[in-house]
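A.B. asks:
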Amino acid sequence: IHLRQEIFARESEMKDPGSNKEVIKPRLLNLYFWLIDYYISSKEKSSSISEVMLKMKILDPEIHNLYRFGNL
6 IHLRQEIFAR
16 ESEMKDPGSN
26 KEVIKPRLLN
36 LYFWLIDYYI
46 SSKEKSSSIS
56 EVMLKMKILD
66 PEIHNLYRFG
76 NL
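Taking our numbering, the leading residue of the sequence shown gets 6, the next gets one more, and so forth.
(1) What do you get for residue 33, buried or exposed, if any count of 16 or more other CB atoms within 10 angstroms of its CB means buried?
(2) Can you tell me whether DSSP reads residue 70 as helix, strand or coil?
(3) By alpha-carbon positions, which one of 72, 63, 57 ends up nearest to residue 8?
(4) Considering only the alpha carbon of each residue, which of 19, 61, 15, 13 lies closest to residue 41?
(5) Drop a sphere of 10 angstroms on the beta-carbon of residue 73, count the other beta-carbons inside from all chains shown, and report buried for 16 or more, exposed for fewer.
(6) Would residue 65 pass as a contact of residue 26 if the rule is Cβ separation under 8 Å?
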C-alpha cells in the first residue's frame, strides 16, 4: 500500500545524515500510527502491529510508552 511506501521513504530519509530529522521524525511517527490503525481495522496479525511498535520504540521510546500504556 502507499502508506508502507511512504514509511520506507521516511525511514530512508532518517538514515541520511543531511536530513532534517526534526521534521521527518514526527511525520514518521504519524505514519506509524496510521499503519497501526490500518492493521487493527483490517484485523491484521498481531506480529505486524508488534513490528511497527518496535520501530516506534526505537525512533522515540517516550512516545512509544505513552501510546503503549494509553496515555497518548
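Cβ atoms here follow ideal geometry from the backbone N, Cα and C, with glycine treated the same way.
C.D. replies: Quick look at the numbers:
(1) Taking the sequence shown and counting its residues from 1, the one referred to as residue 33 is at position 28. Per the 10 Å Cβ criterion, buried.
(2) Numbered from its first residue, the sequence shown carries residue 70 at position 65. Of the three classes helix, strand and coil, the one that applies to residue 70 here is helix, per DSSP.
(3) Your numbering for residue 8 matches position 3 in the sequence shown. Nearest C-alpha to residue 8: 57.
(4) Locating residue 41 in the sequence shown gives position 36, counting from the first residue. Closest option to residue 41, judged by alpha-carbon separation, among 19, 61, 15, 13: 61.
(5) Reading the sequence shown from its first residue, position 68 is the one you call residue 73. Only exposed fits residue 73, as fewer than 16 other CB atoms lie within 10 angstroms of its CB.
(6) Numbered from its first residue, the sequence shown carries residue 65 at position 60. Numbered from its first residue, the sequence shown carries residue 26 at position 21. No. Outside cutoff.
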